[in-house]
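Residue numbers (this note's numbering), protein chains in the order written: chain V, 19 to 185; chain B, 19 to 185.
We put the CB at the ideal spot given by N, CA and C, even for glycine.
Here the structure is a predicted model, which means the values were calculated and not measured.
Read through the structure below, which is laid out as structure tokens, and then see the notes.
Number of protein chains: 2
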Amino acid sequence: MKIEEAKKELVQNWGVLGSQWGINRTMSQIHALLLVSEKPLSTEDVMNELTISRGNAHTNLKDLVEWGLLNKTIISGDRKEYFEAEKDVWKIAVTVAKERKRRELEPMLKAIQKLDDELEGKSEEALKFHKLLKDIQQIGAQADMLINFMGKVENNSFANKLLKLVK
Amino acid sequence: MKIEEAKKELVQNWGVLGSQWGINRTMSQIHALLLVSEKPLSTEDVMNELTISRGNAHTNLKDLVEWGLLNKTIISGDRKEYFEAEKDVWKIAVTVAKERKRRELEPMLKAIQKLDDELEGKSEEALKFHKLLKDIQQIGAQADMLINFMGKVENNSFANKLLKLVK
DNA sequence: TTATATTTTCAATTTTTTCTGAATTTACAA
DNA sequence: TTGTAAATTCAGAAAAAATTGAAAATATAA
Chain V
19 MKIEEAKKEL VQNWGVLGSQ WGINRTMSQI HALLLVSEKP LSTEDVMNEL
69 TISRGNAHTN LKDLVEWGLL NKTIISGDRK EYFEAEKDVW KIAVTVAKER
119 KRRELEPMLK AIQKLDDELE GKSEEALKFH KLLKDIQQIG AQADMLINFM
169 GKVENNSFAN KLLKLVK
Chain B
19 MKIEEAKKEL VQNWGVLGSQ WGINRTMSQI HALLLVSEKP LSTEDVMNEL
69 TISRGNAHTN LKDLVEWGLL NKTIISGDRK EYFEAEKDVW KIAVTVAKER
119 KRRELEPMLK AIQKLDDELE GKSEEALKFH KLLKDIQQIG AQADMLINFM
169 GKVENNSFAN KLLKLVK
């Protein structure tokens, strides 16, 4: 298989995976496209590569920058903006984990805390429900620790420690 | 806040979280409903609690059983099927992680393996792309180890080891 | 400045996903 | 068996999400 074809397939697969995990397919595809691109691409390049509209390309590029997965770059003598992706897959994983925690998990955990604070009654049912809320929070806290740890170490260091942990 | 109201809110929040992570909102809500329910519920109960149609309730209950998050139970002298949820939040987390890995991550990793196997050329570009594929696979392998480990230990044991790891 | 290239916005449209509800099938008690 | 309650299916409807494309705003080189 030619490299161009292989890259196209990766972009497709990445798009599918994203959509299964609640991330807009185009956004994942743009991310993959820039991940495999040797050089920064302009909005126009992205439009052409993925055959999508200007508005769509623009919105998703902007979102990816907000996620911290892309950077804007300037090419001197060129008026256009260019985008390039973080290429370190470990860093990408950490960034995505942190962002999803911040955007989606944390609001949920806050809501649970609020529920627990406001919960009335001392019935057995109330106690069970309280325990459920605490259990969910505990798992949230563990995920948090894990993500923080991931953010602090390099990939290989994480792999080593994980290996020891598993044994 | 009354317990019934608190439970309803949890069901709503759970639904939102699910939809953000690519899981149909109704499915998450049904799961939460059974998670906070003191007793098994029938399809009819679920329809009434969430004000959804029979078809919708049926399909999502079936899917939840396939995910391993619900069990069918029989109440003697009653012709209806009842459903009850696994209540151990740690086990739920492990089940969800395993299922998502099996259904979504593994197909992606297989596709990547295939791409790598079939990749032609020894150009610098090809080597870089090859490295990218390997890096993605490596992270997949780490996620796999982590999930397996989670499946083997209890929640508190995991928390302890994680704590040591982080230090 | 000014002309124009580029970016941004967003109402309307298209696509995808989810849901409904009635018809069909299946399972059970008598 | 037979009658009926419950489970299952699925075509069409509704809702939600994504996308388009053109108009407006902004930025830059000359």
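Check, Outcome
"Using a C-beta to C-beta distance shorter than 7 Å, which residues of chain B count as neighbours of residue 167 of chain V?", "183 and 184"
"Contact criterion: CB-CB distance below 8 Å. Does residue 28 of chain B meet it with respect to chain V?", "yes"
"Measure the CB-CB distance between residue 87 of chain B and residue 113 of chain B and report whether it falls below 8 Å.", "yes"
"Note down the Cα distance separating residue 20 of chain B from residue 54 of chain B, rounded to an integer number of angstroms.", "14 Å"
"How would you list, in chain order, the residues of chain V whose beta-carbon sits under 8 Å from the beta-carbon of residue 122 of chain B?", "35, 38 and 39"
"Provide the residue span of the alpha helix (DSSP H) that contains residue 44 of chain B, from first to last.", "43-54"
"At a CB-CB cut-off below 9 Å, which residues of chain B make contact with residue 31 of chain V?", "125, 126, 129, 130 and 133"
"Apart from the five residues just before and just after residue 116 of chain B, which ones in its own chain have a Cβ nearer than 7 Å to its Cβ?", "165 and 169"
"With a threshold of 16 other CB atoms inside 10 Å of the CB of residue 92 of chain V, please say whether the residue is buried or exposed.", "exposed"
"Could you name each continuous alpha helix (DSSP H) segment of 4 residues or more that falls completely within the region 91-131 of chain B, going from the start of the chain to the end?", "107-118"
"Mind checking residue 78 of chain B: buried by the 16 CB within 10 Å criterion, or exposed?", "buried"
"Would you please verify whether the beta carbon of residue 87 of chain B is less than 8 Å from any beta carbon of chain V?", "no"
"For residue 32 of chain V, which residues of its own chain have a beta-carbon under 6 Å away from its beta-carbon, when the five flanking residues on both sides are left out?", "46 and 50"
"Going by CA-CA distance only, name the one from V/104, V/176, V/161 and V/179 that's closest to residue 177 of chain B.", "V/161"
"Give the interface partners of residue 158 of chain B over in chain V, defined as CB-CB distance under 9 Å, in chain order.", "Simply none; closest approach about 10 Å."
"Thinking C-alpha only, which one of B/127, B/167, B/156 and B/27 is nearest residue 34 of chain V?", "B/127"
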